[in-house]
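Take any residue in the sequence shown, count from 1 to its spot, add 1: that is its number in the numbering used here. Quick reminder that beta carbons are idealized off the backbone N, C-alpha and C, glycines included. First the structure, in the form of structure tokens, and then the observations on it.
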Amino acid sequence: MQGDDLDLTFLRGSSREGEGYRDLALGLRSSRPPDSTSLGTSKSAKPEKTRKKDPKEDAELSDAEWEIRTGRALFVLQETLPEFFKIGLVTNVDKSTGVPVQSSSVLPLTLGPSVNPLDFLQQDSDAQDEPTEAGVESIYSPKIKLEYTPPSALPTPFPRTLHIEGFPLFLASASFMRHTMNALYSDLAVTLLKVSFNKLPSFPQKDLSCAGGLGKELQSRREKKRHSREKSLSVRFMVTGNARVSGGVSEWEVESTYIFSPLTGLIHKQVINSIHPAPHQAVYDSLSKLLGFSWSSGSGNVGKGPAPGTMCKARRN
């Protein structure tokens, strides 16, 4: 009934303002343009603008919801990483049960000169649109970033730090590694060695001496809240497998850091801290072909960067 009270107040206020409201009732000329909404419906037009706004733009999770979301991400990684080479990268979770949800779509990756390196973009877009059913959400941000700095600088045209941005490319790189490793090795297994939450290094607080009393208090609260949400997840695991050609056993130790968004609680950045032993350069060559890199080679030439339409960024330090 609150809306009715607002309408009555509006009508009473209009009658006190003079002849404006009666002029409209008599059909007399008004200063408002002819195609504008009437005074009686002007308030109902405002919700139209709010519906067009992105709900994620202003939505900020409460502390409890933020902790729940980061906890779900931890559980999904713990439960699904050991099965990565069998089921692939699991990115979704059931919000009501906390159970990881495996995507039903399969991303076929076939390297070759006749393959369009951008085919996976549409397939991954479809896969990303799949979990729109109620109660299912991703643990990764749509703008997830993946970074890895090899221990030794790669030759030109590779940058010092490899950088992939966007959920489709993030999925494609994970699928590429899974298919490639399964083609070269059998009996692949992932063993988790360490999974722990860490606080990100704190930065010096801003000087609030010039702020007013209330403004200083609010800003201080925001700083404390953001600092409490500066959390990352460290994951270290061992990958073992038998080489299909030689039959020898191979193993790699990988350590990564997953950084959560202070606003949404989703993983918005993954930094691969180390891979020991480091991947061979042939891995980077194959990955660059798959993702559509088109850097020119030779001294004095400037790299062209990623092929048009890709969302991958390469960055030199």
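Unbroken alpha helix (DSSP H) run spanning residue i, endpoints
i, result
"residue 87", "85 to 88"
"residue 271", "Premise fails: residue 271 lies in the beta strand (DSSP E), 268 to 277, not in any alpha helix (DSSP H)."
Anticipated Cβ contact below 8 Å, residue i with residue j, distance rounded
i, j, result
"residue 145", "residue 159", "Incorrect: roughly 21 Å between the Cβ atoms, too far for contact."
"residue 137", "residue 101", "About 10 Å; that fails the 8 Å criterion."
"residue 258", "residue 246", "Not confirmed; about 34 Å, so no contact."
"residue 71", "residue 261", "5 Å"
"residue 265", "residue 62", "7 Å"
"residue 73", "residue 99", "6 Å"
"residue 231", "residue 270", "Their Cβ separation, rounded to whole angstroms, is 12 Å, which puts residue 231 and residue 270 out of contact at 8 Å."
"residue 104", "residue 267", "So it is not a contact: roughly 17 Å between Cβ atoms."
"residue 236", "residue 196", "5 Å"
"residue 181", "residue 287", "7 Å"
"residue 277", "residue 253", "7 Å"
"residue 183", "residue 86", "6 Å"
Where residue i falls, given that 16 or more other Cβ within 10 Å makes a residue buried
i, result
"residue 173", "buried"
"residue 192", "exposed"
"residue 250", "exposed"
"residue 155", "exposed"
"residue 248", "exposed"
"residue 81", "buried"
"residue 198", "exposed"
"residue 97", "exposed"
"residue 93", "buried"
"residue 57", "Note on residue 57: pLDDT 48, under 50, position unreliable in the model; the coordinate value appears next. The residue is exposed, with fewer than 16 neighbouring Cβ atoms inside 10 Å."
"residue 187", "exposed"
"residue 28", "Low confidence applies to residue 28: its pLDDT is 46, below 50, so where it sits in the model is not reliable, and the reading given next is rough at best. Result: exposed."
"residue 185", "exposed"
"residue 170", "buried"
"residue 153", "exposed"
"residue 179", "buried"
"residue 142", "buried"
"residue 194", "exposed"
"residue 177", "buried"
"residue 233", "buried"
"residue 229", "exposed"
"residue 121", "Bear in mind that the predicted position of residue 121 carries a pLDDT of just 44, short of 50, making it unreliable; the figure below should be weighed with that in mind. Its Cβ being crowded by 16 or more others within 10 Å, residue 121 is buried."
"residue 118", "No answer about residue 118 holds up, because its pLDDT of 42 lies below 50 and its placement is not dependable."
Per DSSP, cross-strand counterpart(s) of residue i
i, result
"residue 253", "240"
"residue 148", "164, 272"
"residue 101", "94"
"residue 246", "Answer is none; residue 246 lacks a bridge partner."
"residue 233", "199, 260"
Span of the beta strand (DSSP E), counted from its first residue to its last, around residue i
i, result
"residue 69", "Not the beta strand (DSSP E): residue 69 falls in the alpha helix (DSSP H), residues 64 to 81."
"residue 195", "186 to 200"
"residue 61", "Unbroken run through residue 61: none, as it is neither H nor E."
"residue 153", "Per DSSP, residue 153 belongs to no beta strand (DSSP E) and is neither H nor E."
"residue 139", "137 to 139"
Proximity test, Cβ basis, 8 Å: residue i and chain D
i, result
"residue 286", "The chain labelled as chain D is not found in the depicted structure, where only one protein chain is given."
Check: residue i C-beta below 7 Å from any heavy atom of the ligand FAD
i, result
"residue 287", "With respect to small molecules bound, the structure shown includes none, and the ligand FAD cannot be examined in it."
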